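Peer 1: Once you've had a glance at the structure underneath, I'll fire off some questions.
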Amino acid sequence: MAIEDVGLATSTLVFLVLGLTLAAFVWGRFRYDLVALSALLGSVMLGLVPAEDAFMGFGHPAVITVAAVLVLSKGFERSGLVDIIADQILKVGDRLILQLLALVGTVLVLSGIMNNVGALALLLPVAMRMAREHDTSPSLLLMPLAFGSLLGGLMTLIGTPPNIIISSYRGNVSGDTFSMFSFAPVGGVVALSGLAFIVLVGWRLTPKRSGQASAADMFDTANYLVELKVNDESKAKGLTLQQLRDELEESIPVLAVVRDDNRQAGYSFHGMLQAGDILLLEAGPEELKLLEDKAGLSAVAELEGDDEDEEARDLAAEEASDSHPPVDTEGLQLVEVVVRNDSMMINRSVRQLRLNHQFGLHLVAVARDGTRLKQRLRDIRFQTGDILLLQGEENEIAESLPALGCLPLANRNLSLGQPRKLLLSMAIFAAAIVAMLLDVLPAAVALSSAALVSLLIGVLPLREGYQAIDGPVIVLLGAMIPVGEALETSGGADLIAQALLQWGADWPVVVTLVGLFILSMLLSNVINNAAAALLMAPIAVSLARGFEVSLDPFLMVVAVSASCAFLTPIGHQSNTLVLGPGGYRFGDYWKLGLPLSVIVLLVSIPMILWVWPLST
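Residue numbers (our numbering): 18 to 633.
Right, here's the structure in full:
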């Protein structure tokens with residue numbers, strides 16, 4: 018009796034830790050990796066996880082496999098494979114159905130062989146460019162593209178972390194893991210069904226947001242573009258641009274300096290300002306007043322102004338053009354980027370990030386929810402999905418964006434890649450797959466070896482290899498694996514399974530599978546899909562044992578459902594990445610996501626039972 022009481026007390030503590038962890042995941046105030054690490058350390062202090070096993074999860078094969086896949090995915094990106102594909106996608110024409118078929122079909126295939134967030138990140142600029150070239154609202158393309166990246170990950174072992182987790186869990190329970198293409202029969206049919214629905218019907222359920230396809234429309238740049246002149250009496254005379262910023266205590270971006278009809282980009286101008294220099298910059302009314310009062314700069318002419326004073330504005334612009342030709346932004350290296358949900362910029366300002374000093378970038382404008390923010394740039398704290406207009410040297414932009422956790426949306430030149438690196442990366446990946454299929458090497462070893470060879474022969478520079486590893490995801494997995502095991506060893510999984518068994522005692526087993534699918538799918542819409550798989554796997558095994566049937570169909574249900582986070586923008590990084598560029602609202606996702614979830618459920622359950630029968 019005492020032993021039962023101890024077991025019940027332990028299970029209660031596990032449920033308490035998991036309940037608090039889920040609440041913290043849903044709240045979203047703290048990053049999910051910090052929440053997971055807190056759950057792990059709390060479990061250790063409560064005696065739920067032995068102290069000597071606390072960090073064993075970081076050496077788990079699932080964690081190593083995920084890290085290796087991220088490195089290999091980056092290698093594919095750098096090799097030029099995706100650029101070649103993207104170049105072909107842009108030729109499909111202006112028919113929306115063909116655009117969707119090309120984009121979603123491509124992301125399905127790519128997500129099967131690389132990280133699904135990585136696949137989406139590579140095609141996101143392509144979708145934005147396609148929308149702009151064909152005057153299509155990006156909102157019609159981006160949500161289908163995000164959902165396609167999730168569907169594509171269902172097809173292979175390495176397509177998505179839940180598949181890797183479920184395979185490793187099966188190995189721990191039965192001694193035999195799933196192979197590379199064990200997921201293909203079910204995942205392939207589900208992915209193709211989802212593709213057909215999205216292309217033929219689903220896109221009609223996505224909201225059409227107007228005015229998002231153009232950078233000029235998004236940021237309304239012309240309405241804030243002004244020319245200011247340095248006079249003999251200006252305080253700015255004799256100062257560098259950096260000294261001017263320090264004097265103003267503002268991060269107002271100077272896009273260019275014009276001297277004697279010669280224009281130089283602001284980021285590359287390091288000399289002192291002279292009388293007669295003209296500064297091209299972005300400034301609102303408050304900033305203009307500050308520049309006039311503190312720096313003594315005088316407005317030459319606003320390139321665009323208030324519609325109510327259109328005649329006066331045109332007259333001022335005409336007078337200015339007599340003394341100096343109009344200045345445009347061509348060649349000033351402006352780039353649009355979106356802030357990822359794992360970005361170091363989140364909840365931080367320009368000053369805290371030292372964006373100019375540390376990264377060599379100037380913030381020109383910020384858009385959120387499809388609308389340009391009017392507040393001072395220095396006061397803005399960045400959020401996931403924000404779209405930023407940045408200026409900087411091409412090399413600085415290329416190096417800084419990955420470090421900041423941003424993805425380019427526009428002005429990304431699509432190259433045809435480097436054939437040698439492309440062939441090498443494909444050969445290395447193929448060798449790893451063959452080694453896995455022939456059981457020569459376990460998945461973690463084969464893929465890690467492929468990643469190492471890619472780094473050694475220069476397919477991917479070492480620095481980019483480390484940058485490719487998504488630290489928060491690795492910490493999440495490493496921390497939650499021991500917590501998930503505590504759910505099983507404490508008897509908590511059995512308690513949940515017994516409750517479900519009693520509920521489904523008078524129903525066929527398939528009804529319980531449907532219930533497990535819905536529970537896991539709902540969980541994945543509010544927490545990370547890897548965490549959902551880690552929590553639901555032991556419950557699935559306990560259910561299979563309770564029904565005395567094969568555990569494979571139960572594990573496959575978790576694998577599929579944990580990757581179907583179609584209802585919210587917070588359930589998966591892919592959904593979050595398209596939130597800002599698509600101009601979506603939180604409630605937009607379920608309109609396409611709910612019917613898609615129903616289709617996945619109706620297709621996957623029969624396929625799972627056909628491929629993985631219940632009989633042991």
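Even glycine gets a Cβ: it sits at the ideal position worked out from N, Cα and C.
Since this is a predicted model, take the numbers as computed values, not measurements.
Going by other Cβ atoms of all chains shown within 10 Å of its Cβ, with 16 needed for buried, is Met62 buried or exposed?
Peer 2: On the sequence shown, position 45 is the one that residue 62 refers to. That one is exposed.
Peer 1: To the nearest angstrom, how far is it from the Cα of Val367 to the Cα of Met361?
Peer 2: Translated into the one-based positions of the sequence shown, residue 367 becomes position 350. Translated into the one-based positions of the sequence shown, residue 361 becomes position 344. Taking the straight line joining both Cα atoms gives about 12 Å.
Peer 1: Mind pulling the beta strand (DSSP E) runs of 3 or more residues that sit fully within the region 125-213?
Peer 2: Correct list: empty.
Peer 1: On a CA-only basis, which of Arg602, Arg187, Asp403 is nearest Pro570? Give me that one, please.
Peer 2: Within the sequence shown, numbered from 1, the residue matching residue 570 stands at position 553. That would be Arg187, whose Cα lies nearest to the Cα of Pro570.
Peer 1: If you compare alpha carbons, which of Ser471, Val274, Ser465 is closest to Leu298?
Peer 2: Sequence index remark: in the sequence shown, residue 298 carries index 281 (1-based). Considering only alpha carbons, the answer is Val274.
Peer 1: Could you give the distance in angstroms between the alpha-carbon of Cys581 and the alpha-carbon of Leu539?
Peer 2: Here residue 581 corresponds to residue number 564 of the sequence shown, with the count starting at 1. Here residue 539 corresponds to residue number 522 of the sequence shown, with the count starting at 1. Taking the straight line from one Cα to the other gives about 9 Å.
Peer 1: What are the partner residues of Glu353, as DSSP defines its beta bridges?
Peer 2: Within the sequence shown, the letter at position 336 stands for residue 353. Glu353 pairs with Leu406.
Peer 1: Grab me the residues of Ser285's own chain with a C-beta within less than 8 Å of its C-beta, minus the 5 sequence neighbours each way, in chain order.
Peer 2: Locating residue 285 in the sequence shown gives position 268, counting from the first residue. Closer than 8 Å at Cβ, skipping near neighbours: Glu410.
Peer 1: Quick check: the Cα distance between Arg330 and Met147, rounded to an integer number of angstroms?
Peer 2: Within the sequence shown, residue 330 is the residue found at index 313, counting from 1. Within the sequence shown, residue 147 is the residue found at index 130, counting from 1. With a pLDDT of 42 at Arg330, under the threshold of 50, the predicted position of this residue should be treated as unreliable, though the coordinate-derived value follows. Near 35 Å, if we compare the C-alpha coordinates of Met147 and Arg330.
Peer 1: What separation, rounded to the nearest whole angstrom, lies between the Cα atoms of Gln350 and Ala548?
Peer 2: Counting from one through the sequence shown, the residue named residue 350 turns up at place 333. Counting from one through the sequence shown, the residue named residue 548 turns up at place 531. The straight-line gap from Cα to Cα measures roughly 40 Å.
Peer 1: Can you give the Cα-Cα distance for Ala452 and Ser466, rounded to whole angstroms?
Peer 2: Position 435 of the sequence shown, counted from the start, is the residue given in the question as residue 452. Position 449 of the sequence shown, counted from the start, is the residue given in the question as residue 466. Their backbone Cα atoms lie some 11 Å apart in a straight line.
Peer 1: If we call anything under 8 Å between Cβ atoms a contact, is Val88 one with Ile175?
Peer 2: Along the sequence shown, one-based indexing puts residue 88 at 71. Along the sequence shown, one-based indexing puts residue 175 at 158. For Val88 and Ile175, no; Cβs fall outside 8 Å.
Peer 1: For Asn279, name the three-state secondary structure that DSSP assigns.
Peer 2: In the sequence shown, the residue the question calls residue 279 occupies position 262. Reduced to three states, the DSSP call for Asn279 is strand.
Peer 1: Taking the alpha helix (DSSP H) that Leu385 belongs to, which residues open and close that run?
Peer 2: Translated into positions along the sequence shown, residue 385 becomes position 368. Going by the sequence as given, residue 385 is Arg instead of Leu. Arg385 -> not in any alpha helix (DSSP H); beta strand (DSSP E) instead, spanning 379-385.
Peer 1: Pick out whichever of Phe534, Arg562, Leu107 has its Cα sitting closest to the Cα of Gly620.
Peer 2: Here residue 620 refers to the residue found at position 603 of the sequence shown. Per the sequence shown, residue 620 should be read as Val rather than Gly. Looking at the Cα atoms, Phe534 is the closest of the given residues.
Peer 1: Any idea what DSSP makes of Thr585, helix, strand or coil?
Peer 2: What you label residue 585 is simply residue 568 of the sequence shown in a count that begins at 1. Looking at Thr585 - three-state DSSP - the assignment turns out to be coil, as it is neither helix nor strand.
Peer 1: When you compare each of Asp152, Thr29, Leu209 to Ser166 by their alpha carbons, which one comes out closest?
Peer 2: Position 149 of the sequence shown holds residue 166. Ranking the options by Cα distance to Ser166, first place goes to Leu209.
Peer 1: Mind checking which residues open and close the alpha helix (DSSP H) that includes Pro623?
Peer 2: Here residue 623 refers to the residue found at position 606 when the sequence shown is read from its first residue. Its alpha helix (DSSP H) spans residues 606-628.
Peer 1: By a C-beta neighbour count over all protein chains shown, 10 Å radius and 16 as the cutoff for buried, is Pro478 buried or exposed?
Peer 2: Looking up residue 478 in the sequence shown gives position 461. By the 10 Å Cβ count, Pro478 comes out exposed.
Peer 1: Going by DSSP, which residues form a beta bridge with Val274?
Peer 2: Within the sequence shown, the letter at position 257 stands for residue 274. Val274 pairs with Gln281, Leu296.
Peer 1: Have a look at Ser614, Asn592, Ala510, Pro489 and flag the residue whose alpha-carbon is nearest the alpha-carbon of Phe75.
Peer 2: In the sequence shown, counting from the first residue as 1, residue 75 sits at position 58. With distances taken between Cα atoms, Phe75 lies closest to Pro489.
Peer 1: Looking at Val462: is its Cβ nearer than 8 Å to the Cβ of Gly402?
Peer 2: Locating residue 462 in the sequence shown gives position 445, where the first residue counts as 1. Locating residue 402 in the sequence shown gives position 385, where the first residue counts as 1. Result no, Cβ atoms of Val462 and Gly402 do not sit closer than 8 Å.
Peer 1: In the structure shown, what three-state DSSP assignment does Thr388 receive?
Peer 2: By one-based count along the sequence shown, residue 388 stands at place 371. Note: Thr388 maps to strand in three-state DSSP.
Peer 1: Going by DSSP, what residue range makes up the alpha helix (DSSP H) through Leu504?
Peer 2: Here residue 504 refers to the residue found at position 487 of the sequence shown. Looking at the DSSP string, the run of the alpha helix (DSSP H) that includes Leu504 is 488-506.
Peer 1: Between Arg371, Ala382, Asp359, Leu609, which lies nearest to Val352 when the distance is taken from Cα to Cα?
Peer 2: If you number the sequence shown from 1, residue 352 lands on position 335. For Val352, the nearest C-alpha among the options comes from Ala382.
Peer 1: Restricting to Cα atoms, I'd like to know which of His287, Ala213, Leu370 is closest to Ile397.
Peer 2: By one-based count along the sequence shown, residue 397 stands at place 380. When each option's Cα is compared against that of Ile397, the closest is Leu370.
Peer 1: With DSSP run on the structure shown, which of helix, strand or coil describes Leu35?
Peer 2: In the sequence shown, the residue the question calls residue 35 occupies position 18. DSSP places Leu35 in helix when its eight states are reduced to three.
Peer 1: Leaving out the 5 sequence neighbours to the left and right, which residues in its chain are closer than 6 Å to Trp629 when beta-carbon positions are compared?
Peer 2: On the sequence shown, residue 629 is found 612 positions in, with the first residue counted as 1. Around Trp629: Asp569, Pro570, Met573.
Peer 1: Between the Cα of Leu530 and the Cα atoms of Ala561, Gly508, Gln515, Ala550, which residue gives the shortest distance?
Peer 2: Numbered from its first residue, the sequence shown carries residue 530 at position 513. The option with the nearest alpha carbon to Leu530 is Ala561.
Peer 1: To the nearest angstrom, report how far apart Ala213 and Met73 are at their CA atoms.
Peer 2: Translated into the one-based positions of the sequence shown, residue 213 becomes position 196. Translated into the one-based positions of the sequence shown, residue 73 becomes position 56. Ala213 and Met73: Cα-Cα distance of roughly 42 Å.
Peer 1: Along the chain, where does the beta strand (DSSP E) that runs through Pro425 open and close?
Peer 2: Looking up residue 425 in the sequence shown gives position 408. From DSSP, the beta strand (DSSP E) with Pro425 extends over 423-425.
Peer 1: Is the separation between the beta-carbon of Glu528 and that of Phe564 shorter than 8 Å?
Peer 2: Translated into positions along the sequence shown, residue 528 becomes position 511. Translated into positions along the sequence shown, residue 564 becomes position 547. Going by the sequence as given, residue 528 is Val instead of Glu. No, Cβ-Cβ distance for Val528 and Phe564 is not below 8 Å.
Peer 1: I need the boundaries of the alpha helix (DSSP H) containing Pro525, first residue and last residue.
Peer 2: The sequence position of residue 525 within the sequence shown is 508, counting from 1. Per DSSP, Pro525 belongs to no alpha helix (DSSP H) and is neither H nor E.
Peer 1: Work out the CA separation of Phe603 and Ala253 for me, nearest whole Å.
Peer 2: The residue labelled residue 253 in the question sits at position 236 within the sequence shown. The residue labelled residue 603 in the question sits at position 586 within the sequence shown. Cα to Cα, Ala253 sits roughly 46 Å from Phe603.
Peer 1: Flag this pair as touching only if the region 77-84 and the region 120-129 have three or more C-beta atom pairs under 8 Å; answer yes or no.
Peer 2: Output reads no: the region 120-129 does not touch the region 77-84.
Peer 1: Please report how far the alpha carbon of Glu319 lies from the alpha carbon of Asp152, in whole angstroms.
Peer 2: Along the sequence shown, read from residue 1 onward, the residue named residue 319 stands at position 302. Along the sequence shown, read from residue 1 onward, the residue named residue 152 stands at position 135. Bear in mind that the predicted position of Glu319 carries a pLDDT of just 40, short of 50, making it unreliable; the figure below should be weighed with that in mind. The straight-line gap from Cα to Cα measures roughly 28 Å.
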